[in-house]
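Contents: one structure, followed by commentary.
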Amino acid sequence: MKRWIPFLKSTPTVAVVRLSGAIGASGRGALNDQSLAPLIEKAFAKGKPAAVALQINSPGGSPVQSSLIGARIRRLAEEKEVPVIAFVEDVAASGGYWLATAADEIYADRNSILGSIGVIYASFGAHELLSRHGVERRVHTAGKSKSMLDPFRPEKTEDIDRLKDLLEQTHENFIAHVKERRGAKLDDSIDLFTGDIWVGEKAVERGLIDGIGHLVPVLKERFGKDVKFRRYEARRPIWQRFGSSVATDALTAIEERAEFARFGL
Numbered sequence: 581m582k583r584w585i586p587f588l589k590s591t592p593t594v595a596v597v598r599l600s601g602a603i604g605a606s607g608r609g610a611l612n613d614q615s616l617a618p619l620i621e622k623a624f625a626k627g628k629p630a631a632v633a634l635q636i637n638s639p640g641g642s643p644v645q646s647s648l649i650g651a652r653i654r655r656l657a658e659e660k661e662v663p664v665i666a667f668v669e670d671v672a673a674s675g676g677y678w679l680a681t682a683a684d685e686i687y688a689d690r691n692s693i694l695g696s697i698g699v700i701y702a703s704f705g706a707h708e709l710l711s712r713h714g715v716e717r718r719v720h721t722a723g724k725s726k727s728m729l730d731p732f733r734p735e736k737t738e739d740i741d742r743l744k745d746l747l748e749q750t751h752e753n754f755i756a757h758v759k760e761r762r763g764a765k766l767d768d769s770i771d772l773f774t775g776d777i778w779v780g781e782k783a784v785e786r787g788l789i790d791g792i793g794h795l796v797p798v799l800k801e802r803f804g805k806d807v808k809f810r811r812y813e814a815r816r817p818i819w820q821r822f823g824s825s826v827a828t829d830a831l832t833a834i835e836e837r838a839e840f841a842r843f844g845l
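Position in the sequence shown (first residue = 1) + 580 = the numbering used here.
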């Protein structure tokens with residue numbers, strides 16, 4: 581009723597979007613632009629939220645999906661003129677930190693892990709195993725680089741050099757993004773872009789985040805004790821939990837568990 585009476589002040593509402601899990605392309609990770617787009621769009625579009633809060637717990641993943649999700653958040657924040665505030669739980673590392681920087685302000689717990697501003701590529705080599713078992717690898721390509729870093733063949737120096745060049749390009753994009761979003765807040769007395777991580781207060785000192793704080797108390801202090809929270813979180817349809825998707829989901833869970841384990845979580 582208040583919304584229809586101009587002289588009565590309505591209770592502010594904050595849309596809370598939960599971003600939890602590893603970041604990957606569709607079918608590979610819990611977080612990707614395709615699955616999150618409807619939630620993020622709704623969070624900004626439903627009513628006129630006083631702010632959108634990002635509740636982040638992610639060890640990272642795909643740099644492309646991180647960029648797409650972050651860009652969507654920034655675009656809507658500017659179009660709707662709604663401030664965005666991020667709250668980090670256990671970890672916002674690598675792509676997870678990329679998501680956090682989509683916010684205008686970032687807060688975390690004293691024990692949260694943040695940073696890891698770097699790029700990683702991991703694979704395996706099985707050519708000796710195949711050789712011991714008498715298995716011959718046969719690959720035919722049109723284009724000399726099509727079989728680059730084939731795990732069933734010995735590494736080539738030119739392939740490694742090419743990979744490093746690709747990783748450097750992505751790393752430079754990541755650094756440029758962080759500098760653009762955090763600007764003068766960053767501590768320029770040390771190199772923040774080595775892939776290192778920081779915990780809580782140290783992350784504040786380095787300018788990676790704005791302060792220590794949790795979602796509810798920070799937002800109640802800012803918007804009043806009566807502020808309402810409208811929560812959005814990606815949920816898988818029940819049909820996706822059965823059939824052929826079970827094996828895929830199990831593999832995704834293992835991969836995600838490995839990502840979190842890198843940070844002792």
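Glycine is no exception: its CB is placed at the ideal position from the N, C-alpha and C atoms.
Can the beta-carbon of residue i be found closer than 9 Å to that of residue j?
i      : j      : result
Asp684 : Glu669 : no
Gly650 : Arg810 : no
Ala552 : Pro629 : Since the first residue of the chain shown is 581 and the last is 845, residue 552 is not available in this structure.
Ala602 : Phe624 : no
Asp790 : Lys765 : yes
Ser615 : Ala814 : yes
Leu795 : Ala633 : yes
Leu799 : Ile665 : yes
Ala617 : Arg652 : yes
Ala682 : Arg654 : yes
Tyr812 : Lys660 : no
Mind reading off the beta-carbon distance from residue i to residue j? Whole number of angstroms is fine, and I expect it under 8 Å.
i      : j      : result
Gly695 : Gly640 : Actually they do not touch by this definition, with Cβ atoms about 10 Å apart.
Arg597 : Ala631 : It is Val, not Arg, that sits at residue 597 in the sequence shown. Wrong, their Cβ atoms sit about 11 Å apart, outside the cutoff.
Arg762 : Gly787 : 6 Å
Per DSSP, what are the beta-bridge partners of residue i in this structure?
i      : result
Gly775 : Answer is none; Gly775 lacks a bridge partner.
Ala814 : Answer is none; Ala814 lacks a bridge partner.
Leu599 : Ile636
Gly695 : Ala673 and Ile777
Thr593 : Lys808
Leu746 : BP columns for Leu746 are empty, so no partner.
Leu611 : Ile603
Can you list, in chain order, the residues of its chain with a C-beta nearer than 8 Å to that of residue i? Leave out the 5 residues immediately preceding and following it.
i      : result
Phe754 : Pro643, Trp678, Ile697, Gly698, Val699 and Phe773
Gly779 : For the sequence presented, residue 779 should be read as Val rather than Gly. Here the set comprises Arg690, Asn691, Ser692, Ile693 and Leu694.
Asp767 : Glu785, Arg786 and Gly787
Lys759 : Leu766
Ile770 : Arg786
Ala783 : Ala688, Ser692, Leu694, Gly695 and Ile789
Glu781 : Arg690 and Ile792
Pro797 : none
Only counting the same chain, and skipping five residues up and downstream in sequence, which positions put a Cβ closer than 6 Å to that of residue i?
i      : result
Thr591 : Asp806 and Lys808
Leu648 : Asp613
Ser600 : Asn637
Ile686 : Ala666, Ala680, Ile789 and Asp790
His757 : none
Go through its chain and collect everything with a Cβ distance to residue i's Cβ below 7 Å, but skip five positions before and after it.
i      : result
Ala673 : Pro639, Gly640, Ile693, Leu694, Gly695, Ser696, Ile777 and Phe843
Gly804 : Pro592
Lys736 : none
Asp775 : A quick correction: the sequence has Gly, not Asp, at residue 775. Cβ within range, chain order: Ser696, Ile697 and Gly698.
Thr750 : Pro643 and Val699
Asp745 : none
What are the complete beta strand (DSSP E) segments, minimum 3 residues, inside the region 624–689? 631–638, 664–673 and 685–688
Where in the region 754–810 do unbroken runs of the alpha helix (DSSP H), each at least 4 residues long, occur, reported from the N-terminal end onward? 780–785 and 795–803
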